[in-house]
Amino acid sequence: MEKVNVPLGNRTYPIFFANNVITDASRILKPYVQGKTVMIITDTNIDPLYGQTLQSTLKSEGFNVHKIVIPAGEKSKTLETSEILYNRCLEANLDRTSTIISLGGGVVGDISGFVAATYMRGIDFIQVPTSLLAQVDSSVGGKVGVNLPAAKNAVGAFHQPRAVLIDVSLLKTLPAGEFRSGLSEIIKYGVIWDKAFFDWLEENIDDLKKDDDKLQYAVIQSCRIKAEIVSQDEREKGLRAILNFGHTIGHAIESAAGYGRYTHGEAVAIGQVYESSLAVHTGFLKQQNAHKIKRLIQNAGLPVDYADIEHECLIERMLYDKKNVDTEPVFILPMDIGEVKKVKISVDNVRRFLERARENTLNPNQAANPVSR
Ligand SMILES: NC(=O)c1ccc[n+]([C@@H]2O[C@H](COP(=O)([O-])OP(=O)(O)OC[C@H]3O[C@@H](n4cnc5c(N)ncnc54)[C@H](O)[C@@H]3O)[C@@H](O)[C@H]2O)c1
Ligand SMILES: O=C(O)C(=O)C[C@@H](O)[C@H](O)[C@H](O)COP(=O)(O)O
Ligand SMILES: [Zn+2]
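In structure tokens form, the structure reads like this:
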């Protein structure tokens with residue numbers, strides 16, 4: 001079983017890359033569960049596939065196991081759902097020695113982690129990510145939280161999991177559009193950190209869906225990069241912000257369009273294309289590199305433009321971004337493939353850029369509605 005550590009002093013934890021993760025979970029996770037009681041949080045799509053089996057294997061090891069199933073999708077990532085979860089945890093008598101096990105995609109992971117961070121001022125949690133996006137990004141690093149209607153992840157905490165358990169075979173049941181969403185964050189790692197990985201993705205992006213070894217390599221490499229960045233800057237005082245490439249615009253698209261219209265991965269794909277173009281517009285990036293990023297995103301089957309969102313609405317949402325300073329939007333802009341920088345840009349300049357981008361690039365075939373899932 002391969003393992004990547006996230007070294008964070010006394011909050012250090014392992015990411016295990018295992019097979020048969022659902023049936024072996026009790027054996028692997030036992031050392032990371034302090035008490036007898038565990039609460040599985042999962043969603044309505046994942047429960048019938050894996051939730052029931054995980055529940056029985058944990059029970060057969062002697063754990064006192066509870067489970068809550070939330071409706072699948074981004075619309076569940078709210079304070080309202082959190083309140084339901086807190087009450088269910090209380091009813092199940094979860095105490096400070098109990099552990100929450102998040103079984104699902106990034107939505108389940110973010111909200112379960114948030115509940116774990118805040119219930120009784122914080123209890124342990126473990127991530128068992130089931131979507132590609134969650135396996136390469138959201139299950140690692142301890143950013144947990146929920147959305148407000150106008151602002152993505154506006155309420156949250158940093159709360160590291162005790163362990164992460166990844167099994168790429170769980171992705172066999174993931175819908176194709178959700179698989180592509182995960183590719184968006186994988187491509188991000190190439191742009192922000194690792195040119196050789198970007199080059200490898202250019203060659204291999206088509207194979208990831210059908211070649212398990214290549215998929216496993218892409219997942220492990222993504223986790224290695226994220227672990228490296230998070231271990232240097234756990235609470236985003238500096239370096240960690242680079243993981244937000246594509247997200248200033250991506251998050252604004254998600255909330256402006258209404259949560260769930262674009263998946264997070266789709267919105268971040270469009271965000272990466274726009275923010276690369278903004279880097280060209282501001283003189284940081286060569287046009288040919290912006291084209292390379294856009295081409296890889298297109299080859300991954302991801303959208304490169306949004307539809308039906310007014311510039312002013314997008315700008316209004318960008319102004320709620322957590323990276324902002326003095327009410328000016330902040331972007332992570334590529335300088336080259338493999339190198340990015342944090343840049344503050346005035347609202348007027350962003351407005352001019354969006355207007356030009358629309359005039360120059362809009363063609364009816366590019367302004368995509370969300371990819372079908
Ligand atoms: N905390 C972080 O660092 C971080 C990083 C990236 C994204 N995120 C957050 O993650 C969320 C997006 O995560 P996501 O893309 O996983 O979305 P998601 O959790 O909504 O999962 C996508 C869909 O796939 C289904 N699904 C998941 N695994 C499945 C499987 N194995 N088989 C069949 N269906 C399966 C889910 O039920 C859901 O319908 C967003 O809220 C985003 O903000 C957080
Ligand atoms: O882990 C991080 O740091 C990231 O920024 C990873 C992002 O892919 C992820 O979408 C994260 O949830 C965004 O965080 P936010 O602080 O912009 O809400
Ligand atoms: Zn993201």
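At position 343 of the sequence shown (counting the first as 1) the number is 343 in our numbering, and the numbers step up by one without a gap. Glycine is no exception: its CB is placed at the ideal position from the N, C-alpha and C atoms.
Strand pairing of residue i, partner residues [DSSP]
{"i": "LYS143", "result": "PHE158"}
{"i": "HIS66", "result": "MET39"}
{"i": "VAL4", "result": "ILE15"}
{"i": "LYS323", "result": "DSSP output for LYS323 lists no bridge partner at all."}
{"i": "VAL330", "result": "LYS344"}
{"i": "GLU339", "result": "ASP336"}
{"i": "SER102", "result": "ILE41 and GLN127"}
{"i": "VAL350", "result": "Its beta-bridge partners do not exist; DSSP assigns none."}
{"i": "LEU148", "result": "ALA151"}
{"i": "ILE166", "result": "PHE17"}
Local Cβ density within 10 Å of residue i, reported as buried at 16 or more and exposed below that
{"i": "VAL65", "result": "buried"}
{"i": "VAL164", "result": "buried"}
{"i": "GLN160", "result": "buried"}
{"i": "ARG387", "result": "Residue 387 falls outside the range modelled here, since the chain spans only 1 to 373, and no answer is possible."}
{"i": "ASN10", "result": "exposed"}
{"i": "VAL168", "result": "buried"}
{"i": "VAL219", "result": "buried"}
{"i": "GLN287", "result": "exposed"}
Beta-carbon contacts of residue i that lie in its chain and below 6 Å, excluding the five residues immediately before and after
{"i": "LEU133", "result": "GLY106, SER181, GLY182, GLU185 and GLY265"}
{"i": "THR263", "result": "SER181"}
{"i": "ALA227", "result": "VAL4 and VAL6"}
{"i": "ASN299", "result": "ILE205"}
{"i": "ALA151", "result": "TYR320"}
{"i": "ASN365", "result": "With a pLDDT of 43 at ASN365, under the threshold of 50, the modelled position of this residue cannot be trusted, and the question is left open."}
{"i": "MET335", "result": "PHE284 and LYS341"}
{"i": "ASP207", "result": "LYS214"}
Near ligand 1: residue i beta-carbon under 6 Å from a heavy atom
{"i": "SER56", "result": "no"}
{"i": "HIS159", "result": "no"}
{"i": "ALA394", "result": "Nothing about residue 394 can be reported from this structure: the residues present for the chain run from 1 to 373 only."}
{"i": "GLU178", "result": "yes"}
{"i": "LYS77", "result": "yes"}
{"i": "VAL69", "result": "no"}
{"i": "GLY106", "result": "yes"}
{"i": "SER181", "result": "yes"}
Cβ-based neighbour list, residue i, same chain, cut-off 8 Å, excluding 5 preceding and 5 following
{"i": "GLN272", "result": "SER184, ILE187, LYS188, VAL191, PHE245, GLY246, GLY250, ILE293 and ILE297"}
{"i": "PHE63", "result": "SER26, VAL33, LYS36, THR37 and VAL38"}
Chain-order list of residues whose beta-carbon lies under 7 Å from that of residue i (same chain, five-residue window excluded)
{"i": "PHE353", "result": "LEU278 and HIS281"}
{"i": "SER82", "result": "ILE111, PHE114, VAL115 and VAL146"}
{"i": "ASP233", "result": "LEU239 and ARG240"}
{"i": "PHE158", "result": "GLY142, LYS143, GLU234 and ARG235"}
Contact test: residue i Cβ vs ligand 2 heavy atom, cutoff 6 Å
{"i": "LYS172", "result": "no"}
{"i": "ASP137", "result": "yes"}
{"i": "HIS247", "result": "yes"}
Check: residue i C-beta below 6 Å from any heavy atom of ligand 3
{"i": "VAL268", "result": "yes"}
Below-7 Å beta-carbon distance, residue i vs any chain D residue
{"i": "THR248", "result": "Looking for chain D here will not work: only one protein chain is present."}
Residue i: CB within 6 Å of a non-hydrogen atom of ligand 4
{"i": "ILE166", "result": "By its list of ligands, the structure shown excludes ligand 4, since it contains just ligand 1, ligand 2 and ligand 3."}
Task: Inter-stretch contact at 8 Å, needing at least 3 Cβ pairs: the segment 49-66 / the segment 8-23 - done: Short answer: they touch.
- [ ] Take every Cβ of the segment 92-112, pair it with every Cβ of the segment 233-245, and state whether three or more of those distances are shorter than 8 Å.
- [x] Verdict: no, contact absent.
TODO: Mind the definition here: the segment 66-78 touches the segment 35-52 only if three or more C-beta pairs lie below 8 Å; say whether that holds.
DONE: These segments touch.
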